[in-house]
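The sequence shown: position 47 = 51 (this note's numbering), numbered continuously. Where a beta carbon is used, it is the ideal one built from N, C-alpha and C, also for glycine. Note that the coordinates shown come from a computational prediction; the quantities given were computed from them, not determined experimentally. Report on one structure; see the data block that follows.
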Amino acid sequence: MSLIQEDIEQTFRQLVDQWRKETRGISSTTHAAMHPAYQQIIGMGKEAIPLLLRELEQKSGRWFWALKSITRE
Numbered sequence: 005m006s007l008i009q010e011d012i013e014q015t016f017r018q019l020v021d022q023w024r025k026e027t028r029g030i031s032s033t034t035h036a037a038m039h040p041a042y043q044q045i046i047g048m049g050k051e052a053i054p055l056l057l058r059e060l061e062q063k064s065g066r067w068f069w070a071l072k073s074i075t076r077e
């Protein structure tokens with residue numbers, strides 16, 4: 005794994021951890037998706053797709069909006 009990929013994964017993990025911690029009690033998917041960490045994950049673009057898919061496999065979560073935004077599908 006390259007250093008760049010390691011940096012991407014580390015950034016992703018930090019953002020996911022922050023998002024999970026700060027949205028734990030939020031029932032609204034809309035509000036959770038508007039959280040700055042979630043928006044930064046979307047801003048990571050296509051590099052985030054395999055990481056999001058892995059996150060869905062391992063822990064689930066509300067990642068479908070992020071995937072839809074990144075892939076534009």
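Could you work out which residue in Lys72, Ser73, Gln43 is closest to Val20 when comparing CA atoms only?
Gln43
What did DSSP end up calling His39 once you bin it into helix, strand or coil?
coil
Once DSSP output is grouped into helix, strand and coil, what is the label at Ile12?
helix
Limits of the alpha helix (DSSP H) - the one that Glu59 falls within
53–63
Once you ignore the five residues that flank Ile46 on each side, which residues in its own chain have a CB closer than 7 Å to its CB?
Ala70, Ser73, Ile74
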